[in-house]
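Written below as structure tokens is the structure these notes are about.
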Amino acid sequence: MTGSLDGGAGPHLAGLEGPLREALERSLADRLARRPGAELNLDNAFWGAPEPRDLGEALTRFGPTCVNVVARIFERIRDIDPTLGLWAQIRYLRNVWVGGSAGFKAVYAEPAAMRERLDGQFAGTGGRRMARDTILGGIEHQRGPLLGALAGSMGSLLRGGEPLDADSWREVHRPDQEAVHICVGKREPRLPELDDIHLDWRSPVVGVDEATRRCRYGLFIGVVHWAQARFGLGNPVFPFQSIDDRVAALDGRGDAPARWADFAARWREARWALAVRGKAGAEEALRWLRACDEAAPAPAESG
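Numbering (numbering that gives the first Met the number 0), first residue to last: 0 to 302.
Printed below as a string of structure tokens:
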């Protein structure tokens, strides 16, 4: 999901929300300055290429899909805590991924303060609620393979105890819809794989247990969510990547109709501006994908 068909992300940085752009700028600047703890920041932008010279170049290497995911996560955290105190605990963004879930590894400014902030969102005062996972609800976010994590957690599970390696909180919003999931590792020194923030495409949360302050999960949607997150079953369409792949595949095809050349040119002009707009940009990109299907030439005949 790297590279660019156009001038890249640089001209569109102003479209990013200010606090998000600041976190991205800080992540890149501290990595380039070789600051301790910053060595994995914005890692996608450093894979197989010279160091990016600036944030525009780094995000261009991310590609619009990953940029859009980061923007969507920022929007959801802002809606959970409009004071942005929760967002302020994110010191660095590391590598971004897209698949059965989508998100980024993180470095928290103060992990204990992040936990306190997340627990403070249980009431949802002024924003949306966050609730802790049960041990089973957070089992995928412990160390090692799933079966090993499950076996290692069995004693704690039977005693009603706590997760071994990482605590996790889920946005309590609409069941079976997109929601944010935040994981905070419990080990020191910190392990990079345990601290992350991601979108679940189909949230398994149907409510909260007010007594235990833990999530309640729907059985059917819980299975659907797990199969999607673990195996990518039923992943949503990623419109930015789908259109980019189609444009790249048909680039230079001599028999493409004029309407396709016009569509491809307009898409190159629009895609980065849409990517930085988060959820609204993704929804508009889906409309572009439908237009792409209509404008694309028929497959060339083989033989």
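C-beta: ideal position from N, C-alpha, C; glycine also. A quick note: this is a predicted structure, and the numbers were derived from the prediction, not measured.
| Asked | Found |
| --- | --- |
| CB of A294 within 8 Å of CB of W271, strictly | no |
| Beta-carbon proximity list for G302, same chain, < 6 Å, skipping 5 on both sides | A caution first: G302 carries a pLDDT of 48, below 50, which makes its placement in the model too unreliable to give a value. |
| Through-space distance from E161 to G114, alpha-carbon basis | Residue identity check: residue 114 is Arg in the sequence provided, not Gly. For R114 and E161, the distance between alpha carbons rounds to 14 Å. |
| Proximity below 8 Å, CB of D166 to CB of V179 | no |
| Local Cβ density within 10 Å of G277, reported as buried at 16 or more and exposed below that | buried |
| Whole-angstrom distance between A248 and G6, CA atom to CA atom | 19 Å |
| Buried versus exposed call for T1 [16 or more other C-beta atoms within 10 Å across all chains shown] | Note that T1 has pLDDT 49, beneath the 50 cutoff, so the model's placement of it is unreliable and no number is given. |
| Alpha-carbon spacing of L83 relative to R77, whole angstroms | 6 Å |
| Start and end residues, beta strand (DSSP E) containing R93 | I89 to V97 |
| Limits of the unbroken alpha helix (DSSP H) element including D199 | Note, D199: premise wrong, no alpha helix (DSSP H); beta strand (DSSP E) at D195 to D199. |
| Three-way DSSP call (helix, strand, coil) for E209 in this model | coil |
| Collapsed DSSP secondary structure at L15 in the structure displayed | coil |
| Reference P174, options H197, R215 and E139, closest by Cα | R215 |
| Any 3 or more C-beta pairs closer than 8 Å across the region 93 to 105 and the region 127 to 138 | no |
| Nearest residue (CA-CA) to D53, options E74, R71, S26 and T64 | S26 |
| Span of the alpha helix (DSSP H), counted from its first residue to its last, around A228 | L218 to F230 |
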